[in-house]
Amino acid sequence: MKIENLVKLLIKEENLMTPIFKCLICRKDIERSKKTFWKKKGHLLCSTCLDNIEKNNK
């Protein structure tokens, strides 16, 4: 594989990777899209913490 093709492939894969963020409550690493990050204004929660909040609100 030529170097140019390898570089293009690496750049393409980097753009496709989902970023890792920290859950606001438990600080666990979670994968969310940048779109979700901006929509939630950085207040991201893991599924476990979301479930616990929903359970406590019922």
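Yeah, the sequence shown ends on 58 if you go by the UniProt record's numbering, and it's all consecutive. Here a beta-carbon is modelled for each residue, glycine too, at the ideal position from N, C-alpha and C.
query, result
"Pairwise C-alpha distance: Lys35 and Pro19", "11 Å"
"Reference Leu24, options Lys2, Ile3, Thr48, Glu4, closest by Cα", "Thr48"
"Inter-residue Cα distance where the pair is Lys39 and Ile3", "38 Å"
"Option nearest Cys26 by Cα separation, candidates Asn5, Leu45, Asn56, Lys58", "Leu45"
"Coil, strand or helix - Ile30 by DSSP", "strand"
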